[in-house]
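Chemist:
Protein chains: 2
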Amino acid sequence: MTTKLYCMGESGNAYKAALALELGGLEWEPVYVDFFGGETRTPEFRKINVMGEVPVLVDGDTTLTQSGVMQMYITEKTGKFGGKTPEEQREVMRWVFWDNHKLSSQVGMARFLMNFLPEDKRPAEVIAFTQGRLKAAYASLNDHLEGRDWIVGDAITNADLSCCGYLFYPEPFGFERKDWPHIDRWLSNIENTPGWKHPYDLMPGSPADRA
Amino acid sequence: MTTKLYCMGESGNAYKAALALELGGLEWEPVYVDFFGGETRTPEFRKINVMGEVPVLVDGDTTLTQSGVMQMYITEKTGKFGGKTPEEQREVMRWVFWDNHKLSSQVGMARFLMNFLPEDKRPAEVIAFTQGRLKAAYASLNDHLEGRDWIVGDAITNADLSCCGYLFYPEPFGFERKDWPHIDRWLSNIENTPGWKHPYDLMPGSPADRA
Numbered sequence: 003m004t005t006k007l008y009c010m011g012e013s014g015n016a017y018k019a020a021l022a023l024e025l026g027g028l029e030w031e032p033v034y035v036d037f038f039g040g041e042t043r044t045p046e047f048r049k050i051n052v053m054g055e056v057p058v059l060v061d062g063d064t065t066l067t068q069s070g071v072m073q074m075y076i077t078e079k080t081g082k083f084g085g086k087t088p089e090e091q092r093e094v095m096r097w098v099f100w101d102n103h104k105l106s107s108q109v110g111m112a113r114f115l116m117n118f119l120p121e122d123k124r125p126a127e128v129i130a131f132t133q134g135r136l137k138a139a140y141a142s143l144n145d146h147l148e149g150r151d152w153i154v155g156d157a158i159t160n161a162d163l164s165c166c167g168y169l170f171y172p173e174p175f176g177f178e179r180k181d182w183p184h185i186d187r188w189l190s191n192i193e194n195t196p197g198w199k200h201p202y203d204l205m206p207g208s209p210a211d212r213a
Numbered sequence: 003m004t005t006k007l008y009c010m011g012e013s014g015n016a017y018k019a020a021l022a023l024e025l026g027g028l029e030w031e032p033v034y035v036d037f038f039g040g041e042t043r044t045p046e047f048r049k050i051n052v053m054g055e056v057p058v059l060v061d062g063d064t065t066l067t068q069s070g071v072m073q074m075y076i077t078e079k080t081g082k083f084g085g086k087t088p089e090e091q092r093e094v095m096r097w098v099f100w101d102n103h104k105l106s107s108q109v110g111m112a113r114f115l116m117n118f119l120p121e122d123k124r125p126a127e128v129i130a131f132t133q134g135r136l137k138a139a140y141a142s143l144n145d146h147l148e149g150r151d152w153i154v155g156d157a158i159t160n161a162d163l164s165c166c167g168y169l170f171y172p173e174p175f176g177f178e179r180k181d182w183p184h185i186d187r188w189l190s191n192i193e194n195t196p197g198w199k200h201p202y203d204l205m206p207g208s209p210a211d212r213a
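Protein sequence lines, in the order shown, are assigned to chains P and R.
Here the first sequence stands for residues 3 to 213, where the numbers follow this note's numbering.
Here the second sequence stands for residues 3 to 213, where the numbers follow this note's numbering.
1) Rounded to whole angstroms, how far is the Cβ of R/Leu143 from the Cβ of R/Leu21, which I believe are closer than 8 Å?
2) What is the rounded straight-line gap between the Cα of P/Met53 and the Cα of P/Val98?
3) Hey, does P/Val128 have any beta-carbon neighbour from chain R nearer than 8 Å?
4) For a quick check, are the C-beta atoms of P/Phe175 and P/Ala112 less than 8 Å apart?
5) Which residues of chain P have a Cβ atom closer than 8 Å to the Cβ of R/Leu66, listed in chain order?
6) Using CA atoms only, rank isn't needed, just tell me which of P/Ile192, P/Trp182, P/Ala210 and P/Glu46 is closest to P/Glu173.
7) For a test of the three-state rule: what should DSSP assign to R/Cys165, helix, strand or coil?
8) In whole angstroms, what separates the C-alpha of P/Asp151 from that of P/Arg187?
9) P/Asp162 touches chain R at which residues, Cβ-Cβ below 7 Å?
10) Using a beta-carbon distance below 8 Å, is R/Asp145 in contact with chain P?
11) Since I believe R/Ser13 is in contact with R/Asp101 (beta carbons under 8 Å), could you give me their beta-carbon distance rounded to a whole number of angstroms?
12) With H, G and I counted as helix, E and B as strand and the rest as coil, what does DSSP make of P/Thr132?
13) On the premise that P/Arg96 lies in contact with R/Thr272, defined as a C-beta separation below 8 Å, what is that separation, rounded to the nearest angstrom?
14) Using only alpha-carbon positions, find the residue among P/Val128, P/Ser69, P/Lys123 and P/Glu121 that is nearest to R/Arg124.
15) Using the rule of at least 16 other Cβ atoms within 10 Å of the residue's Cβ for burial, across every protein chain shown, is R/Arg92 buried or exposed?
16) In the structure shown, what three-state DSSP assignment does P/Trp30 receive?
17) If we call anything under 8 Å between Cβ atoms a contact, is R/Tyr8 one with R/Val71?
18) Just to confirm, is the Cβ distance from R/Val154 to R/Glu193 under 8 Å?
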C-alpha cells in the first residue's frame with residue numbers, strides 16, 4: 003500500500019518527511035491538509051493527531067507524527083540517511099534534535115508570523131527576538147559546515163534533511179543564504195542531489211494558491 | 003569509568019539526562035557548568051560543543067549533546083525507558099521530539115526570561131506570546147494523559163523523562179499544576195518513582211546559590 007503523507011507545501015516540517023520519502027525511493031503520495039482553512043483544529047484531525055500538527059504519515063497500520071520519528075522510520079525501511087556507524091548515528095540524531103529544538107521550530111514560527119499573519123497582527127517584538135535567537139542557530143550550523151559537504155560523514159543524512167526543512171522557502175524570514183557561505187554551499191549540495199525537489203514542487207499547496 | 007554530565011541545576015534539559023542516568027542505575031557524576039558566569043560561551047566549552055549548550059555527556063570516548071540523544075544512549079546501555087515494542091518505541095520518540103519542539107524549548111525560554119534576566123530586560127510581549135503557545139502544549143499533554151499513568155504504555159519512559167524536564171521547577175513561568183489535573187497526577191507518579199530527585203537535589207547549582 004502506498005504511504006500517505008498528510009501535508010501542505012508551506013510546512014517545512016512536512017518537507018523533511020516528504021524529502022526523505024522521495025530521496026529514499028519509497029512509494030508515497032501527499033494528502034493535502036487545509037491548514038490555513040483550519041483543518042488541523044477540527045476534532046476529526048485531532049483524532050489522527052492529538053498534537054494537532056502536520057505532518058502525519060500513514061503506512062498501513064502505522065500512523066506517525068513528528069518529522070524526526072518519520073525520518074527514523076524511513077531509515078529503518080530503506081537503510082538510508084541514518085549514518086554508517088553508531089557514532090555517526092548518534093551525531094545524526096544530535097543534529098535532528100538540535101534542529102527541532104533550536105532551528106526549525108523557530109524558523110517555522112518566524113516565517114509564519116512574518117508572512118502568514120495579517121500585517122496588523124504581526125508581533126514585532128516576538129519577531130525581532132526570534133530572529134536574534136535564529137542568528138545564533140545559523141552561526142552554529144554555518145561554523146559546523148566549514149570544510150564539510152554534509153552535516154555528518156560524507157553523505158546526505160537525516161541531519162541534512164532536517165536542518166534544511168525551512169531554508170529553501172522564498173518568503174522573507176530574516177535568512178539570506180549569501181550571509182552564511184557554508185550553509186549556502188551545503189544547501190546547493192542538497193539541491194544537486196538527484197531527485198531533489200523544492201517544497202512547493204514536492205507537496206500540494208503554496209501561498210500562490212491563496213493569492 | 004564514571005560517566006560525567008556537564009550540567010547545572012537550573013537546566014531542565016540537563017535534568018532530563020540526569021534523571022535518566024539516576025533512575026537507570028548508572029554510575030555518573032555531575033560536573034558543574036557556570037552557565038550564568040558565561041562558561042558556555044567560552045572557546046574552551048565550544049570545543050566540546052559547537053552548539054554552546056548544556057548538557058554534555060562524556061562516557062569514555064563518547065561525547066554526546068542534546069538530551070534526547072543521551073536518553074537514547076542510556077536506553078541502549080540499560081534497556082530501560084525506550085518502550086517495549088516497536089510501536090511503543092516510536093511513540094516514545096514522538097513525545098520526546100514533541101517535547102523538544104513544542105514544550106521544553108518554550109518552557110525553558112519562558113522561565114529564563116521571567117526569572118533569570120534582570121527585571122528591566124524582560125521582554126513582555128515575547129513572554130506573553132510564549133505563554134500562549136505553551137498553554138496549547140500543556141493542553142495537548144493534559145488531554146493525552148487523561149486515563150493514563152504514563153505517556154506511553156504502562157511504565158515510565160523517555161517520553162516522561164523528557165516532558166517533565168522543566169515542570170518541577172518552583173520559579174514562576176506561567177504553569178500551575180492544579181490547572182492541569184492529568185499533568186499533575188502524572189508528575190506525582192514520577193515523583194513517587196523510587197530514586198526520583200528534584201532537579202536542584204540531583205545537580206549542583208540553583209538560584210539560591212546566587213541569591
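Glycine is no exception: its CB is placed at the ideal position from the N, C-alpha and C atoms.
All figures in this text were calculated on a predicted structure; none of them were measured in a lab.
Modeler: Working from what's here:
1) Going by Cβ atoms, the distance from R/Leu143 to R/Leu21 rounds to 17 Å, so no, they are not a contact pair.
2) Taking the straight line joining both Cα atoms gives about 19 Å.
3) Answer yes: the Cβ-Cβ gap between P/Val128 and chain R drops below 8 Å somewhere.
4) Yes, the Cβ-Cβ distance between P/Phe175 and P/Ala112 is below 8 Å.
5) Correct list: Arg92 and Arg96.
6) Cα-wise, what sits closest to P/Glu173 is P/Ala210.
7) Helix at R/Cys165.
8) Each residue's alpha carbon lies about 8 Å from the other.
9) Those do not exist, as P/Asp162 stays about 16 Å from chain R at its closest Cβ, beyond 7 Å.
10) So yes, R/Asp145 belongs to the interface.
11) With a contact defined as Cβ atoms closer than 8 Å, R/Asp101 and R/Ser13 miss out at about 14 Å.
12) It is helical.
13) The structure shown does not extend to residue 272 of chain R, since chain R is modelled only from 3 to 213, so the question has no answer here.
14) Closest option to R/Arg124, Cα to Cα, is P/Val128.
15) The residue in question, R/Arg92, is buried, as its Cβ has 16 or more Cβ neighbours within 10 Å.
16) The answer is strand: DSSP assigns P/Trp30 an E or B state.
17) No. Outside cutoff.
18) Their beta carbons are not under 8 Å apart, which means R/Val154 does not touch R/Glu193 by this criterion.
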